[in-house]
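Enquirer: The listed protein sequences correspond, in order, to chains A and B. The first sequence begins at 1 in our numbering and counts up one residue at a time. The second sequence begins at 1 in our numbering and counts up one residue at a time.
Protein chains: 2
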Amino acid sequence: MPTIKDVAKEAGVSIATVSYVLNNKSAAISEETQQEVWRAVEKIGYRPNVTARNLRSSQSRLIGYAWHEAPRYGDLNVVLEHFTYFLAQAAESAGFHLLTFTYRCGDPIAAYDELIRTGRVDGFVIASTTTNDARVRYLMEQDFPFVSFGRANPEWDFMWVDTDGTAGVAAGVNLLIQHGHRRIAMIAWDEESLSGGYRANGYFQAMREAGLSTPANFIWRGENSEQTGRDALAYWWDLPPKERPTAISTVSDLIAIGVINEAERRGIVIGRDLSLVGYDNLPLSQYLHPALTTLEQPLEKIASEVLWRLTNVIGKQPVKPEQRQLLIAPHLITRSSVGDAPV
Amino acid sequence: MPTIKDVAKEAGVSIATVSYVLNNKSAAISEETQQEVWRAVEKIGYRPNVTARNLRSSQSRLIGYAWHEAPRYGDLNVVLEHFTYFLAQAAESAGFHLLTFTYRCGDPIAAYDELIRTGRVDGFVIASTTTNDARVRYLMEQDFPFVSFGRANPEWDFMWVDTDGTAGVAAGVNLLIQHGHRRIAMIAWDEESLSGGYRANGYFQAMREAGLSTPANFIWRGENSEQTGRDALAYWWDLPPKERPTAISTVSDLIAIGVINEAERRGIVIGRDLSLVGYDNLPLSQYLHPALTTLEQPLEKIASEVLWRLTNVIGKQPVKPEQRQLLIAPHLITRSSVGDAPV
DNA sequence: TTGTAAGCGTTATCAC
DNA sequence: GTGATAACGCTTACAA
Numbered sequence: 001m002p003t004i005k006d007v008a009k010e011a012g013v014s015i016a017t018v019s020y021v022l023n024n025k026s027a028a029i030s031e032e033t034q035q036e037v038w039r040a041v042e043k044i045g046y047r048p049n050v051t052a053r054n055l056r057s058s059q060s061r062l063i064g065y066a067w068h069e070a071p072r073y074g075d076l077n078v079v080l081e082h083f084t085y086f087l088a089q090a091a092e093s094a095g096f097h098l099l100t101f102t103y104r105c106g107d108p109i110a111a112y113d114e115l116i117r118t119g120r121v122d123g124f125v126i127a128s129t130t131t132n133d134a135r136v137r138y139l140m141e142q143d144f145p146f147v148s149f150g151r152a153n154p155e156w157d158f159m160w161v162d163t164d165g166t167a168g169v170a171a172g173v174n175l176l177i178q179h180g181h182r183r184i185a186m187i188a189w190d191e192e193s194l195s196g197g198y199r200a201n202g203y204f205q206a207m208r209e210a211g212l213s214t215p216a217n218f219i220w221r222g223e224n225s226e227q228t229g230r231d232a233l234a235y236w237w238d239l240p241p242k243e244r245p246t247a248i249s250t251v252s253d254l255i256a257i258g259v260i261n262e263a264e265r266r267g268i269v270i271g272r273d274l275s276l277v278g279y280d281n282l283p284l285s286q287y288l289h290p291a292l293t294t295l296e297q298p299l300e301k302i303a304s305e306v307l308w309r310l311t312n313v314i315g316k317q318p319v320k321p322e323q324r325q326l327l328i329a330p331h332l333i334t335r336s337s338v339g340d341a342p343v
Numbered sequence: 001m002p003t004i005k006d007v008a009k010e011a012g013v014s015i016a017t018v019s020y021v022l023n024n025k026s027a028a029i030s031e032e033t034q035q036e037v038w039r040a041v042e043k044i045g046y047r048p049n050v051t052a053r054n055l056r057s058s059q060s061r062l063i064g065y066a067w068h069e070a071p072r073y074g075d076l077n078v079v080l081e082h083f084t085y086f087l088a089q090a091a092e093s094a095g096f097h098l099l100t101f102t103y104r105c106g107d108p109i110a111a112y113d114e115l116i117r118t119g120r121v122d123g124f125v126i127a128s129t130t131t132n133d134a135r136v137r138y139l140m141e142q143d144f145p146f147v148s149f150g151r152a153n154p155e156w157d158f159m160w161v162d163t164d165g166t167a168g169v170a171a172g173v174n175l176l177i178q179h180g181h182r183r184i185a186m187i188a189w190d191e192e193s194l195s196g197g198y199r200a201n202g203y204f205q206a207m208r209e210a211g212l213s214t215p216a217n218f219i220w221r222g223e224n225s226e227q228t229g230r231d232a233l234a235y236w237w238d239l240p241p242k243e244r245p246t247a248i249s250t251v252s253d254l255i256a257i258g259v260i261n262e263a264e265r266r267g268i269v270i271g272r273d274l275s276l277v278g279y280d281n282l283p284l285s286q287y288l289h290p291a292l293t294t295l296e297q298p299l300e301k302i303a304s305e306v307l308w309r310l311t312n313v314i315g316k317q318p319v320k321p322e323q324r325q326l327l328i329a330p331h332l333i334t335r336s337s338v339g340d341a342p343v
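(1) Taking the C-alpha atoms as reference points, what is the distance between B/A70 and B/T84?
(2) With the cut-off set at 7 Å, would you say B/L233 and B/V259 are in Cβ contact?
(3) Enumerate in chain order the residues of its own chain whose CB-to-CB distance from A/Q325 is below 6 Å, with the five nearest sequence positions on each side excluded.
(4) Give, in chain order, every unbroken run of the beta strand (DSSP E) that is at least 3 residues long and sits entirely within the segment 70-106 of chain B.
(5) Quick one: is A/R117 near chain B, going by C-beta distance under 7 Å?
(6) In this structure, how does DSSP classify A/S148 when only helix, strand and coil are distinguished?
(7) Which word fits B/G123, buried or exposed, when buried means at least 16 other C-beta atoms lie within 10 angstroms of its C-beta?
(8) Would you say A/G278 and A/T294 are within 7 Å of each other, going by their C-beta atoms?
(9) Identify the contact partners of B/V50 in chain A, using a Cβ-Cβ distance below 7 Å as the criterion.
(10) Does any residue of chain A bring its CB to less than 7 Å from the CB of B/N54?
(11) Please classify B/Q89 as buried or exposed, where buried requires at least 16 neighbouring CB atoms within 10 angstroms.
(12) Any contact of the segment 228-246 of chain A with the segment 179-198 of chain A, i.e. 3+ C-beta pairs under 8 Å?
(13) Any beta carbon from chain A within less than 7 Å of B/G74's own beta carbon?
(14) Would you say B/Y112 faces chain A, with C-beta separation under 7 Å as the test?
(15) If A/I249 sits next to A/L176, beta carbons under 8 Å apart, how far is it from one beta carbon to the other, in whole angstroms?
(16) How about A/W189 and A/G180: do their beta carbons lie closer than 7 Å?
(17) In three-state terms, what does DSSP make of A/D162?
(18) Considering just the uninterrupted stretch of the beta strand (DSSP E) at B/I63, what are its terminal residues?
(19) Reducing DSSP to helix, strand and coil, say where A/M400 ends up.
(20) List, from N- to C-terminal side, the alpha helix (DSSP H) runs of 4 residues or more that fit wholly inside the segment 161-191 of chain A.
(21) Please return the same chain residues whose Cβ sits closer than 6 Å to the Cβ of B/Y73, not counting the five positions on each side in sequence.
(22) To the nearest angstrom, how far is the alpha carbon of B/S337 from that of B/Q227?
(23) Compare the C-beta of A/H331 against all C-beta atoms of chain B and say whether one is closer than 7 Å.
(24) For B/P298 versus B/I333, is the C-beta distance shorter than 7 Å?
(25) Is DSSP giving A/V277 helix, strand or coil here?
(26) With 16 other CB atoms within 10 Å as the buried threshold, where does A/A134 fall?
(27) Quick check: what's the CA-CA separation for B/L307 versus B/Y65?
(28) Go ahead and label A/L318 buried or exposed: buried means 16 or more other beta carbons lie within 10 angstroms of its beta carbon, across all protein chains shown.
(29) Does DSSP put B/R221 in a helix, in a strand, or in coil?
(30) Which of the three DSSP states, helix, strand or coil, is assigned to B/V41?
(31) Could you give the distance in angstroms between the alpha-carbon of B/C105 and the alpha-carbon of B/A111?
(32) Nearest chain B C-beta to A/N224 closer than 7 Å, yes or no?
(33) Which residues mark the beginning and the end of the beta strand (DSSP E) in which B/G123 is found?
(34) For the candidate residues B/R230, B/F149, B/K316 and B/L22, whose alpha-carbon lies nearest to that of B/I266?
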């Protein structure tokens with residue numbers, strides 16, 4: 001690979017001059033010299049060596065992004081996959097690249113620590129945060145640049161961008177209410193889940209605002225699995241008809257799929273006997289029978305907002321306090337799983 | 001961040017000595033000195049700076065991996081997502097990291113070229129190859145280290161690892177034959193598709209070996225979509241009953257899902273009236289109704305085989321000619337979408 | 001307007 | 001056994 005010296009030789013100038021021209025540093029290099037340098041660059045096909053440039057400026061132009069912990073093959077990480085793609089795009093627009101890594105040794109912190117200490121990355125983007133996320137705590141402690149997709153402990157002050165799960169689920173529940181539903185149930189994740197909590201709040205909020213009651217047995221909690229959806233519906237349908245919900249809001253499409261499958265087994269027609277709202281807009285959601293009404297997160301927007309904040313921190317540009325956190329509402333996608341309430 | 005100089009100062013030795021100890025170069029450093037150096041390293045928490053090391057050794061310890069071209073949200077890239085994860089793991093085990101990039105400007109070659117010329121990466125892994133893949137051609141031309149997951153033009157000699165789609169589909173078709181099916185149809189991709197061609201071959205091969213006929217109208221071709229599956233089944237079911245297939249083999253789960261949906265619409269019971277085999281083992285396949293018999297690619301194995309080859313090329317270790325290419329058979333997963341042929 | 005040279009943090013070749 | 005020191009390719013303060 002040609003170096004800056006080769007360009008200097010070819011153009012008959014010093015390497016400093018070449019560097020000035022390439023980085024268009026003021027130094028007011030004469031027009032002729034500039035032309036000459038560019039000609040030489042073109043001729044020998046020179047591109048500055050990133051490693052050398054990085055060493056000199058003690059940076060790496062790399063952003064670390066951890067793969068969600070070892071996915072079992074059955075796991076659905078479609079949302080994060082798309083987020084990652086958009087993140088890679090945003091990073092490149094800002095002159096960075098994404099370095100992906102895994103938590104091989106099982107210890108996330110060790111992985112982050114190693115990347116920091118070896119100067120491998122200039123910052124991190126983290127996702128799938130938990131309330132007292134060890135990574136967030138560690139990175140705050142180290143005062144190392146990072147931005148997260150997802151909130152954590154509300155008492156911690158760090159930069160994040162997140163989907164407004166509360167607003168999203170509330171929008172879904174409001175749609176159900178508009179369709180005349182009154183007996184609406186919710187399938188949520190276990191209490192510990194942070195994003196699950198926000199989503200569940202949307203249900204309570206929308207119901208309260210509409211003056212509808214939320215009996216304790218209308219809230220089903222479980223892990224994020226198809227089985228959870230099945231279990232919930234089975235429980236509700238074993239109640240006397242009058243006590244059953246006519247609509248169900250869920251925290252994920254995967255759970256909604258369980259509801260659909262169990263409904264089919266029992267001869268319940270979704271969209272007529274029972275209305276259903278998912279969350280995530282999984283690629284398959286449109287192919288389900290019936291197509292699932294759901295909420296889609298604006299992942300491209302989220303990724304670019306995350307990256308904008310991160311590059312500012314890395315570049316020591318100030319970010320206004322009110323811009324440190326950002327909540328974006330998801331988009332309601334109306335399909336056929338929601339119908340008018342049975343009379 | 002502490003540098004090698006700090007360690008040298010702390011240990012009371014020269015930086016050369018520290019470097020020797022850290023890279024355990026022969027130079028026979030006395031046991032005492034070694035201890036002392038390690039103590040100093042521990043004490044100040046030193047980790048060698050990757051950029052400096054890379055500059056010195058003119059490498060980057062980074063492997064470039066392009067994100068599949070801009071995914072529409074509906075696209076199912078689960079297979080590649082898992083492959084990428086395993087690839088990241090394999091890379092780390094070999095002391096590399098994955099640098100992911102996108103083809104923003106629309107021109108893949110420009111993206112590869114830039115990463116090569118700036119010394120950003122030591123090699124590439126490419127996936128989703130096509131017959132006359134421009135990336136393969138370009139990287140061969142440049143003689144830059146790369147290994148692909150997927151074959152290309154059979155006349156080109158480059159390193160690849162691929163799933164044996166022919167063997168996979170043949171295994172599925174053989175299962176159908178064992179269940180007594182004789183009238184077996186195939187849904188394939190358009191003729192241009194490379195991997196689709198290999199998979200379709202598996203159908204023809206298994207049928208021929210079993211002495212079964214493959215009438216032209218038993219081969220349906222279309223894009224990789226749910227609709228293709230629907231269209232195919234609709235066509236076959238509009239034939240007189242005697243002329244319909246009793247089983248269908250497909251090149252993808254997505255297409256199989258279309259078949260399932262159309263079957264349901266028509267009251268056809270999959271696993272009884274019609275047997276079905278997918279390909280990919282999408283996460284949702286197990287939740288489909290009925291659960292889909294399908295073929296799973298050994299992605300972890302493929303990733304580690306790809307990486308082993310790539311690190312050898314990068315490290316200028318010889319790879320035996322017979323090891324340059326590797327074909328691995330997928331794994332047949334038997335679920336309830338395959339049943340005995342109707343009598 | 002341009003060139004000289006220091007230095008980023010390593011590794012590796014020499015001396016001693 | 002260990003320590004100077006010259007690279008690696010670049011940016012930039014300072015000199016000319």
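Glycine is no exception: its CB is placed at the ideal position from the N, C-alpha and C atoms.
Expert: Looking at the atomic coordinates:
(1) Only weak support is given to the placement of B/A70: the predicted model assigns it a pLDDT of 49, under 50, and the value that follows is read from those uncertain coordinates. Using only the alpha carbons, I get a separation of about 16 Å.
(2) yes
(3) W160
(4) 97-101
(5) yes
(6) strand
(7) buried
(8) yes
(9) T118, G119 and R120
(10) yes
(11) buried
(12) yes
(13) With a pLDDT of 47 at B/G74, under the threshold of 50, the modelled position of this residue cannot be trusted; read the value that follows with caution. Yes, because at least one Cβ of chain A sits closer than 7 Å to the Cβ of B/G74.
(14) no
(15) Contrary to the premise, residue 249 of chain A reads as Ser rather than Ile in this sequence. Between A/L176 and A/S249 the Cβ distance is about 7 Å, and since that is below 8 Å, they are a contact.
(16) no
(17) strand
(18) L62 to A66
(19) The shown model of chain A, from 1 to 343, leaves out residue 400 of chain A, and the question about it has no answer.
(20) 165-178
(21) The predicted model places B/Y73 with a pLDDT of 49, which falls under 50 and marks its position as unreliable; any figure quoted below should be read in that light. Correct list: empty, nothing qualifies.
(22) 19 Å
(23) no
(24) no
(25) strand
(26) exposed
(27) 12 Å
(28) Leu is not the amino acid found at residue 318 of chain A; the sequence shown has Pro there. Under this definition A/P318 is an exposed residue.
(29) strand
(30) helix
(31) 8 Å
(32) no
(33) G123 to A127
(34) A quick correction: the sequence has Arg, not Ile, at residue 266 of chain B. Comparing Cα-Cα distances from B/R266 to each of B/R230, B/F149, B/K316 and B/L22, the minimum goes to B/R230.
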